[in-house]
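Chemist:
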Amino acid sequence: MSNTRRLYHATLIYSLFSEYFFQFVNISRNKGMEFMVGKDWKEYFDLVIVQARKPRFFTDLSRPIRVYDERSGSHIWDRVTKLEKGVIYYEGTVKQLQDLTGWRGHQVLYFGDHPYSDLADVTLEHGWRTGAIITELTHEIATLNNPEFKKNANWLQMLTQLIEDHQDCEDPDEQKILMKWMAERDKLRNDIKYVFNEQFGSVFRTYHNPTYFSRRLFRFADIYTSNIANLLNYSVNHTFYPRRGVMPHEYISYFV
Numbered sequence: 001m002s003n004t005r006r007l008y009h010a011t012l013i014y015s016l017f018s019e020y021f022f023q024f025v026n027i028s029r030n031k032g033m034e035f036m037v038g039k040d041w042k043e044y045f046d047l048v049i050v051q052a053r054k055p056r057f058f059t060d061l062s063r064p065i066r067v068y069d070e071r072s073g074s075h076i077w078d079r080v081t082k083l084e085k086g087v088i089y090y091e092g093t094v095k096q097l098q099d100l101t102g103w104r105g106h107q108v109l110y111f112g113d114h115p116y117s118d119l120a121d122v123t124l125e126h127g128w129r130t131g132a133i134i135t136e137l138t139h140e141i142a143t144l145n146n147p148e149f150k151k152n153a154n155w156l157q158m159l160t161q162l163i164e165d166h167q168d169c170e171d172p173d174e175q176k177i178l179m180k181w182m183a184e185r186d187k188l189r190n191d192i193k194y195v196f197n198e199q200f201g202s203v204f205r206t207y208h209n210p211t212y213f214s215r216r217l218f219r220f221a222d223i224y225t226s227n228i229a230n231l232l233n234y235s236v237n238h239t240f241y242p243r244r245g246v247m248p249h250e251y252i253s254y255f256v
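The opening residue of the sequence shown carries number 1 in this note's numbering; numbering runs sequentially from there.
1) Taking Leu217 as the reference, which of Arg56, Leu61, Asp121 and Trp103 has the closest Cα?
2) Would you call His75 buried or exposed, if buried means 16 or more other Cβ atoms sit within 10 Å of its Cβ?
3) By Cβ distance below 7 Å, which residues in the same chain neighbour Val48 in space, the five residues on each side in sequence not counted?
4) Do you know whose CA, among Leu83, Tyr68 and Lys85, lies nearest Trp77's CA?
5) Straight-line CA distance for Val94 to Asn209?
6) Do Glu136 and Val203 have their CB atoms nearer than 8 Å?
7) Assuming Ala132 and Leu119 make a contact with CB atoms under 8 Å, what is their CB distance in whole Å?
8) Drop a sphere of 10 angstroms on the beta-carbon of Ala229, count the other beta-carbons inside from all chains shown, and report buried for 16 or more, exposed for fewer.
9) Does the structure place the segment 144 to 155 close enough to the segment 172 to 182 that three or more beta carbon pairs sit under 8 Å?
10) Can you say whether Phe111 is buried or exposed, counting buried as having 16 or more other CB atoms within 10 angstroms of its CB?
11) Would you mind sorting Tyr207 into buried or exposed? The rule is 16 or more other CB atoms within 10 Å of its CB.
12) How long is the line joining the alpha carbons of Gly102 and Val108, rounded to whole angstroms?
13) I need the DSSP call for His343, collapsed to helix, strand or coil.
14) So Thr101 is in the alpha helix (DSSP H); what residue range does that whole segment cover?
15) If I measure Cβ to Cβ from Thr59 and keep anything under 6 Å in the same chain, skipping five residues before and after, which residues do I get?
16) Using a Cβ-based criterion (distance less than 7 Å to any ligand heavy atom), does Arg244 qualify as near the ligand NAP?
17) List the DSSP bridge partners of Ala132.
18) Do you know whose CA, among Arg205, Glu125, Phe200 and Asp168, lies nearest Phe220's CA?
19) Which runs of the alpha helix (DSSP H) fall wholly inside the segment 163 to 197 and span at least 4 residues, in chain order?
20) Can you give me the C-alpha to C-alpha distance between Thr123 and Pro115, rounded to a whole angstrom?
21) Taking Ile141 as part of the beta strand (DSSP E), name the residues at either end of that continuous run.
22) Start and end of the alpha helix (DSSP H) containing Leu124?
23) If you run the structure through DSSP and keep just helix, strand and coil, what is Arg215?
24) What's the gap between the Cα of Ala52 and the Cα of Gln199?
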């Protein structure tokens with residue numbers, strides 16, 4: 001059973017919002033959804049909207065939802081008063097969607113792969129819960145779990161502490177040792193950074209600070225994962241609780 005089918009059976013409501021034309025979603029060069037799920041892919045979604053024009057779908061107020069006619073390849077001008085499973089819908093706005101479905105605020109967990117075009121407006125303007133799909137996490141986590149990386153990262157922390165504790169020494173021999181430590185620390189920092197990517201390092205961290213991408217991700221996403229199928233490991237009633245972070249002035253516990 002494909003991940004899409006398994007997720008459908010595991011979730012209460014499963015919807016697809018695409019900014020692309022129906023032809024791309026259904027019959028593009030690689031057959032789109034037919035290739036990934038099968039010709040009956042529409043059965044696994046309670047609602048399908050194509051050419052949603054994200055992020056304008058979440059901010060516009062006046063563009064109506066229309067029914068998409070698969071045979072003619074164009075939308076039907078009749079007013080939509082209810083949403084039905086198996087019907088392809090075209091454009092529209094999130095306000096109409098909420099009015100027709102009753103989906104409000106924290107009742108919705110919406111997933112997207114772009115913090116701005118997918119997630120920013122729905123969480124800031126409409127209070128939806130949001131999840132980000134970040135495919136780079138697969139490589140990131142594999143690297144973080146590499147024994148060599150762990151050894152270097154731990155030694156970098158210890159070396160930094162040694163330098164900080166002994167930086168005021170005045171003895172010439174001690175100063176030479178300190179300089180060697182600092183050179184080793186610089187090398188370790190670069191080794192740890194570029195092991196993720198030889199050009200620019202990790203998507204999520206630049207040396208010891210989060211990247212701009214990470215800060216925006218944490219701002220707009222309640223949870224993030226490398227693949228939506230990872231949710232199959234949890235029940236539909238599962239609650240994800242945020243972890244307590246440590247600020248620079250706070251005590252760092254070994255258990256935090």
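All residues carry an ideal CB built from backbone N, CA and C; glycine is no exception.
Modeler: The short version:
1) In terms of CA proximity to Leu217, Asp121 leads the group Arg56, Leu61, Asp121 and Trp103.
2) Around the beta carbon of His75, a 10 Å sphere encloses 16 or more other beta carbons of the protein chains shown; the residue is thus reported as buried.
3) Cβ neighbours of Val48 beyond the five flanking positions: Leu16, Lys42, Ile88 and Tyr89.
4) When the alpha-carbon of Trp77 is set against those of Leu83, Tyr68 and Lys85, the nearest one is in Tyr68.
5) Rounded to whole angstroms, Val94 to Asn209 spans 35 Å at the Cα level.
6) It is a contact, given that the beta carbons lie within the stated cut-off.
7) Confirmed, about 6 Å.
8) Flag for Ala229 reads exposed.
9) The segment 172 to 182 vs the segment 144 to 155: no contact.
10) The residue in question, Phe111, is buried, as its Cβ has 16 or more Cβ neighbours within 10 Å.
11) A residue is called buried once 16 or more other Cβ atoms fall within 10 Å of its Cβ, and Tyr207, having fewer, is exposed.
12) Straight-line Cα distance between these residues: approximately 10 Å.
13) Outside the shown range of the chain (1 to 256) lies residue 343, about which nothing can therefore be said.
14) Its alpha helix (DSSP H) spans residues Val94 to Thr101.
15) Asp121, listed in sequence order.
16) Ligands displayed in this structure: none; no statement on the ligand NAP is therefore possible.
17) In the DSSP assignment, Ala132 is bridged to Gly112 and Tyr224.
18) Checking every option, the nearest Cα to that of Phe220 belongs to Glu125.
19) Here the runs fully enclosed are 172 to 194.
20) Straight-line Cα distance between these residues: approximately 10 Å.
21) Counting along the chain, Ile141 sits inside no beta strand (DSSP E); it lies in the alpha helix (DSSP H) bounded by residues Leu137 to Leu144.
22) Its alpha helix (DSSP H) spans residues Asp121 to Leu124.
23) In the structure shown, Arg215 sits in a helix (DSSP, three-state: H, G or I).
24) For Ala52 and Gln199, the distance between alpha carbons rounds to 35 Å.
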